[in-house]
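Remarks on the structure that follows.
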Amino acid sequence: MTLTDRGHLISNSELRTLKRCRRKWYLQWYLCLELPTVPGDFIGPRSIGTLGHRALQAHYDPADRRPVLNALEEVLETEGARLQELADAPLFPQAWQQFVADSDLLRIVVSGYVDWLGETGADAGLEPVAAETYLELPLGHDPASNQPVTLIGKLDVRVRRESDGAVLFLDHKFKGQMGPLHLLPMDEQMLTYDLLQLGERADARADGAIYNILRTVKRSARAKPPFYHREEIRHNAAQLAGFHDRLLSEARDLLLLRWRVEQGQLTEVYPNPTNDCAWDCPFLAVCPMFDDGSRVQDALAGVYVAGNPLDHYLTEGPDDHAD
């Protein structure tokens, strides 16, 4: 939970990081550290998801509505130019080769998506209302500091369905595998977004989410469909009320943890090492140094730079995605 001049802003991303690993939360959300930009930032699943989101954002933005393939080429051209600025950095040739391969994969995925929309009519009757919508919901005040606590989030696309007037949010997911769809109603990201929509609407109606899933595969003869899927999820009043209460409890726990860290109790931010650390944690190289007597503070100062984990919420543009 990041303390700003507006109080504590809490996001699903921060809570997910805390549940995944307290040490990662401490470094990313408390100290606000991040790696400087390197060629490797422009490749891999997270980069593919982010670039795909940017193209879809332009396509579904009611003020834009560019053909998605045109938008993708513009995104790839811009990102390629940014990567070329690092041409003198180590590992640039390997990164550029992988960026070209990732770009070709994205073209296959997005062109197939266009074909799928034409075949299924999945977008028929869906009117885009807004893209990249930032929302807030007050959760109360921190009893210790009396600072307001606010839930925040950013929706990919808000759409209105013509058949019933439902206002839903379309959330783009770029995935290697389709994944277990029966777990989607429990996805806390979607519960957060639904709660934010409910808090914003005077009619106290949360119409739900549509998962827009695009598989990041080449659709070769060996690849098994489906490659694209829409899954609509709705949460009833009891689910949202229960989730609201859960958020209040998690917010209290997080505020208490921040207070303990401020008192120097760093044993509270213990690690949770798993096999996922190899790809989902930018602090993997320094993490063992907290426990082996190394000069970890010097390493942090030498490797990482100051950032703001709230930037992607409070500025225009799509969130980073690793789906």
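Numbering (this note's numbering), first residue to last: 875 to 1197. Beta carbons: idealized from backbone N, C-alpha and C, even for Gly. All values derive from a computational prediction rather than experimental measurement.
Item: Same chain, Cβ closer than 8 angstroms to Tyr987, neighbours up to 5 away in sequence not counted; Value: Val942, Leu1088 and Tyr1102
Item: Element boundaries [beta strand (DSSP E), containing Asn1086]; Value: Ala1083 to Arg1089
Item: Secondary structure of Tyr1102, DSSP reduced to three states; Value: strand
Item: Straight-line Cα distance separating Leu909 from Asn1182; Value: 12 angstroms
Item: Other residues of its chain near Tyr993: CB distance less than 7 angstroms, five sequence neighbours each side excluded; Value: In the sequence as displayed, the identity of residue 993 is Glu instead of Tyr. Cβ neighbours of Glu993 beyond the five flanking positions: none.
Item: Same chain only: Cβ atoms within 6 angstroms of Asp1197, ignoring 5 sequence neighbours per side; Value: Residue confidence is low: Asp1197 scores 46 on pLDDT, short of 50, so the model does not pin down where it sits. No coordinate-derived value is stated.
Item: Three or more C-beta pairs below 8 angstroms linking the stretch 1109-1126 and the stretch 1060-1072; Value: yes
Item: Of the residues Pro1100, Asn1086, Met1060 and Pro1145, the one placed nearest Gln1113, counting alpha carbons only; Value: Met1060
Item: Beta carbon of Glu953 nearer than 9 angstroms to that of Ser921; Value: yes
Item: Contact between the stretch 1001-1020 and the stretch 970-990 (3+ Cβ pairs under 8 angstroms); Value: no
Item: Beta carbon proximity, Asn1182 to chain C, threshold 9 angstroms; Value: Here there is only one protein chain, and chain C is not present.
Item: Buried or exposed by the 16-neighbour rule on C-beta atoms within 10 Å, applied to Ser977; Value: buried
Item: Environment of Lys1028 [buried if 16+ CB atoms lie within 10 Å]; Value: buried
Item: Nearest-angstrom Cα separation, counted from Leu1000 out to Gly964; Value: Reading the sequence as shown, one finds Pro at residue 964 and not Gly. Pro964 and Leu1000: Cα-Cα distance of roughly 46 angstroms.
Item: According to DSSP, residues forming a beta bridge with Phe1043; Value: Arg1032 and Ala1083
Item: Inside the stretch 1114-1184 only - alpha helix (DSSP H) runs reaching at least 4 residues; Value: 1151-1154 and 1170-1177
Item: Identity of the residue in Pro1100, Tyr904, Pro1022 and Ile982 nearest Gln1051 by Cα; Value: Pro1100
Item: Spatially closest choice to Leu1158 from Gly881, Leu892, Arg880 and Lys898, by CA coordinates; Value: Lys898
Item: Residues that DSSP places opposite Pro1022 in a beta bridge; Value: His1015
Item: Among Cys895, Gly918 and Gln1071, the one whose alpha carbon lies nearest that of Asn1149; Value: Cys895
Item: Buried or exposed by the 16-neighbour rule on C-beta atoms within 10 Å, applied to Tyr904; Value: buried
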